[in-house]
Each structure stands twice: as C-alpha cells, then as structure tokens.
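Enquirer: Quick note on numbering: the UniProt record's numbering labels position 59 of the sequence shown as 59, and the sequence is numbered without any gaps. Where is the CB? At the ideal position from N, CA and C, for every residue including glycine.
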Amino acid sequence: MGFRVGMYSSNENSKAMQLADYKFIGPADDKQTLKMFAERCDVVTYDNPAIDSEIIRYISQFTVVPQQDTMLDIIQDRLIERSFFETLNINMAPYATIVTLEDIYQAINSIGYPAILKPIQRGLLGDKELVIHNQADIVSASGLLDAGTYIMESFVEHDTDYSIIVTRQGDGSISVFPIVEVIYHGEQIMTAYTPVKLDASVEKEMNRITNEIAKNVDYVGTFEVSLFLAKSGSIYVNRVAPVLSAAGFLFDYAANTNEFEQHLRAIAGLPLTEIKPSLPTVFQAIRQREYQRVQTQWVIKGDWHFSFYGNEATDPQDSVGHILIPGPSISDTLMKVEATSIWDDIDFKAKYEKK
Numbered sequence: 001m002g003f004r005v006g007m008y009s010s011n012e013n014s015k016a017m018q019l020a021d022y023k024f025i026g027p028a029d030d031k032q033t034l035k036m037f038a039e040r041c042d043v044v045t046y047d048n049p050a051i052d053s054e055i056i057r058y059i060s061q062f063t064v065v066p067q068q069d070t071m072l073d074i075i076q077d078r079l080i081e082r083s084f085f086e087t088l089n090i091n092m093a094p095y096a097t098i099v100t101l102e103d104i105y106q107a108i109n110s111i112g113y114p115a116i117l118k119p120i121q122r123g124l125l126g127d128k129e130l131v132i133h134n135q136a137d138i139v140s141a142s143g144l145l146d147a148g149t150y151i152m153e154s155f156v157e158h159d160t161d162y163s164i165i166v167t168r169q170g171d172g173s174i175s176v177f178p179i180v181e182v183i184y185h186g187e188q189i190m191t192a193y194t195p196v197k198l199d200a201s202v203e204k205e206m207n208r209i210t211n212e213i214a215k216n217v218d219y220v221g222t223f224e225v226s227l228f229l230a231k232s233g234s235i236y237v238n239r240v241a242p243v244l245s246a247a248g249f250l251f252d253y254a255a256n257t258n259e260f261e262q263h264l265r266a267i268a269g270l271p272l273t274e275i276k277p278s279l280p281t282v283f284q285a286i287r288q289r290e291y292q293r294v295q296t297q298w299v300i301k302g303d304w305h306f307s308f309y310g311n312e313a314t315d316p317q318d319s320v321g322h323i324l325i326p327g328p329s330i331s332d333t334l335m336k337v338e339a340t341s342i343w344d345d346i347d348f349k350a351k352y353e354k355k
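Structural data, given as structure tokens:
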C-alpha cells in the first residue's frame, strides 16, 4: 500500500523487525526510546491485546494512535468487560466475583457445575484457570486466590464457536466480514472456515451484537468479536479483542480484501473497501507437532497455500505456520484435511457432516 513502516520491539531478531524500514529496540517501559519512536511516526498501531494501556496513553502525547486505549482497558479487566456487555444487554456466561473460598461456596449454587475460575486481570497471574466440576474441586482454588481476585463463570454447553472480524473508521462507520466458524484447541484457533450455514435469525443477531459493540467503543481499526452458540440456541459473547485474528487470515481468499488492508485503511483515514465474499476457504493452523508431517503436503498439495513463520518453537503446541485452502465447498475441504491424518486431535467429521 506504499507505507513506510517502523517497528518498536524488545526483540531485534524478530521476523517482523527484519521487514521494517526503521527500527527501535527497547523494553516496553523505556519511555525515552518510546518517545523517539512515537515522534518518528505519523500513526502508531498495536496488535497485542496484552499491551499495557499506560504505554498507549504515553505515546499518544507524541503521535496518533487511532486504536486508542479504551478497548484495552475494557478487555484486560474481565469485570469491566462484563459490565460493558451488561450495559449493551449482551448475553454472556453467568459469573460471580471471587476473593475467598467462601465466595465460591456461596456462588456455586447459582453458577452451577461445571464452573471456570479465571483471574480478573487478563495476562496477569499467569492466566491460571481452574475448572470446578464438583464441590471437591473447590479446595484446589485456594492457591490461586492467594495471588489475587478471580471471577467464576458458568461453563455454557456449546458445540460451535464463531468469530466476526470488524473494522471501525474514525467517523464510527463499520465494515463487517462474513461470519467465520472456529475450532479451538484450548485457547488456540486451530481451524476456521467461511461461509457458514446459520439460521437467518441467528446470523442477524450475531451481526447486531457486533454492530452494537462497535458503536459503543472508542476504537479505530480492525478487531474481533468471539461468540458461541449454546445448545439452547442462545448466542453468547465470549470476548472482544483488538487483534488481527488468525480466524481472519482466510479472507486472503474468502473475500476481495482482508483484515490487514482494512485495518491499515482505517488507521490511515482511507475509505474502506466494500467487502464481497469470494471462495469458500479453510484456515488450518500448523503446530510444531505437525510441522514435519506437513512438509509432505507442502510438496503434493498444489492448491493449498502454506505459510511458515520461521519462529523457534520449543513446545509441540506452539504455532509455526498455517495453511489457507480455498475450494468448492467447506465440507469437501475439511474431509481432505482430515484425510491427511495429521491433525488427529481435531474432530473434523462432526463439522463437515453438518455442512
């Protein structure tokens, strides 16, 4: 798009840093270097939902940060996030604030089993969580509560997760990508695809929720709304994240534009592209555990598009790349991915049989 790009990082050897036109190396709290970086830039953007909002407020004195800090303040504190959703009358899992074990014993009757204990501050306390299946599990929470305040939320039974990628401009207008269905492994997006088959009323409500969130947050750029459909048929919001999500990578082939270009257009004050769906596309993550076996597919699958990140992975679950697979139908593509027998911990059949 013709932009000159600078980057600030503590890691001078990162792949992204190698592509930057100019570079600033320093820790996140190095105010002098941050100031020099900010003064060099016309616009600054971030793609890390864990970044300290104080850093954004600081550099905003010296440059323009269209994303601002408001969304970070909302999503980094689970209580503030839930208060935000409640203000908009958006469904979320029932929850209670937990400070002591006694709070759990008192709240569990209304929350119900199973319940999940999560730290209020995202990114702190190691994000250690505890699933409470029965009363005997409650005692195990004592060690977590010694470190800080938690919330306990109900585990809502559901089979399907969704992601909606949305871009908001400075004037408040928004552009929404088609809904993406997502398969998680833990917190990691493993598989994503679009288009999805949804009841028209469900699709309409998901888009209404997304629009309502976008209208009520001071933010310019692309962000993700994660939702799930409960077995009862109710729609719940899981979280909102100011990130360029892996779930949106597939729009390189599934639409006439992608989340990256829309984000850059928004923060630069350029008009957004009108989104038009194109090919049914599947995103498949590659972890270190699959890396060697994927090499064979790289050689024989001429219509699969592979990206390898070149990062040093130490854990078998670390993400090291992804594949984008456009095709005639989502079910056919999922069957082809399953046929490789590489991702043996994902139940593809449950997904393609309902397509």
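So, do the stretch 33-47 and the stretch 260-272 have three or more beta carbon pairs nearer to each other than 8 Å?
Expert: Touching, yes, given that three or more Cβ pairs across the two stretches are closer than 8 Å.
Enquirer: Report back the beta-carbon spacing between Ala200 and Leu250 to the nearest angstrom; my notes put them in contact at under 8 Å.
Expert: Between Leu250 and Ala200 the Cβ distance is about 23 Å, and since that is not below 8 Å, they are no contact.
Enquirer: Look at Thr222 and Ile179 and say whether their C-beta atoms are less than 8 Å apart.
Expert: No, these two residues do not count as a Cβ contact at 8 Å.
Enquirer: Indicate the three-state DSSP secondary structure (helix, strand or coil) for Asp159 in the structure shown.
Expert: Asp159: strand per DSSP, three-state reduction.
Enquirer: Could you spell out where the beta strand (DSSP E) holding Ala230 opens and where it closes?
Expert: From DSSP, the beta strand (DSSP E) with Ala230 extends over Gly221 to Ala230.
Enquirer: What does a CB cutoff of less than 8 Å around Val220 pick up in its chain, not counting 5 residues either side in sequence?
Expert: These residues qualify, in order along the chain: Pro66, Gln67, Gln68, Arg168, Gln169, Gly170, Ala266 and Ile267.
Enquirer: Within the continuous alpha helix (DSSP H) that includes Leu79, where are the two ends?
Expert: Element bounds for Leu79: Arg78 to Thr87.
Enquirer: Are the stretch 237-255 and the stretch 96-106 in contact at 8 Å, needing three or more beta carbon pairs?
Expert: As far as the Cβ criterion goes, the stretch 237-255 does not touch the stretch 96-106, which means the pair count is below three.
Enquirer: Report yes if the C-beta distance between Met206 and Tyr162 is below 8 Å; otherwise report no.
Expert: Result yes, Cβ atoms of Met206 and Tyr162 sit closer than 8 Å.
Enquirer: Tell me whether Asn13 sits in a helix, a strand or coil according to DSSP, three-state version.
Expert: In the structure shown, Asn13 sits in coil (DSSP, three-state: anything other than H, G, I, E or B).
Enquirer: What span of residues does the beta strand (DSSP E) with Gln284 cover, start to end?
Expert: Residues Thr281 to Arg287.
Enquirer: If you draw a straight line from the C-alpha of Lys35 to the C-alpha of Phe62, how long is it?
Expert: Cα to Cα, Lys35 sits roughly 7 Å from Phe62.
Enquirer: Does the count of Cβ pairs from the stretch 141-155 and the stretch 109-121 closer than 8 Å reach three?
Expert: With a cut-off of 8 Å, the stretch 109-121 and the stretch 141-155 count as touching, because enough Cβ pairs lie within range.
Enquirer: State the DSSP-derived secondary structure class of Met152, mapped to helix, strand or coil.
Expert: Strand, per DSSP.
Enquirer: Roughly how many angstroms separate the alpha carbons of Gln288 and Asp344, rounded to a whole number?
Expert: Computed Cα separation, rounded: 14 Å.
Enquirer: Here's the rule I'm using: 16 or more other beta-carbon atoms within 10 Å means buried, otherwise exposed. How should Val299 be labelled?
Expert: Exposed: under 16 other Cβ atoms inside 10 Å.
Enquirer: According to DSSP, is Met335 part of a helix, a strand, or is it coil?
Expert: In this structure, Met335 counts as helix in the three-state DSSP scheme.
Enquirer: Rounded to whole angstroms, how far is the Cβ of Ala339 from the Cβ of Ile75, which I believe are closer than 8 Å?
Expert: With 8 Å as the limit, Ala339 and Ile75 do not qualify as a contact, their Cβ atoms being about 38 Å apart.
Enquirer: So the alpha helix (DSSP H) Val299 belongs to, where does it begin and stop?
Expert: Tyr291 to Ile300 is the extent of the alpha helix (DSSP H) around Val299.
Enquirer: For Ala115 and Ser53, I'd like the C-alpha separation in whole angstroms.
Expert: Between Ala115 and Ser53, the C-alpha separation is close to 30 Å.
Enquirer: Take Ala313 and list the residues in its own chain whose beta-carbon comes closer than 7 Å to its own, dropping the five residues that flank it on each side.
Expert: Taken in chain order, the residues that qualify are Gln288 and Val320.
Enquirer: Check the C-beta distance from Ser226 over to Asn238 and give it rounded, since I have them as a contact under 8 Å.
Expert: At roughly 4 Å, the Cβ-Cβ gap stays under 8 Å, so Ser226 and Asn238 are in contact.
Enquirer: Can you tell me which of the three DSSP states Tyr253 falls into?
Expert: Three-state result, Tyr253: helix.
Enquirer: Sort Tyr291, Pro94, Ile325 and Asp21 by Cα distance to Tyr309 and report the nearest one.
Expert: Among Tyr291, Pro94, Ile325 and Asp21, the Cα nearest to that of Tyr309 is on Tyr291.
Enquirer: Kindly indicate which three-state DSSP category Glu259 falls into: helix, strand or coil?
Expert: Reduced to three states, the DSSP call for Glu259 is helix.
Enquirer: Do Val176 and Ala93 count as a contact pair if the criterion is CB distance below 8 Å?
Expert: Cβ atoms of Ala93 and Val176: not closer than 8 Å.
Enquirer: Spell out the partners DSSP gives Ser175 in its beta bridges.
Expert: Answer is Thr167, bridged to Ser175.
Enquirer: Considering only the alpha carbon of each residue, which of Ala350, Arg4 and Gly26 lies closest to Asn13?
Expert: Answer by Cα proximity: Gly26.
Enquirer: Mapping DSSP to helix, strand and coil, what is Lys23?
Expert: Note: Lys23 maps to strand in three-state DSSP.
Enquirer: To which residues of the same chain is Lys231 closer than 8 Å at the C-beta, ignoring the five residues directly before and after it?
Expert: Only Glu157, His158 and Asp159 meet the Cβ criterion.
Enquirer: Decide if Leu229 is buried, meaning its Cβ has at least 16 other Cβ atoms within 10 Å, or exposed.
Expert: Leu229 is buried by the Cβ-count criterion.
Enquirer: Taking the DSSP output, what are the residues bridged to Arg239?
Expert: According to DSSP, which records beta bridges pairwise, Arg239 is partnered with Ser226.
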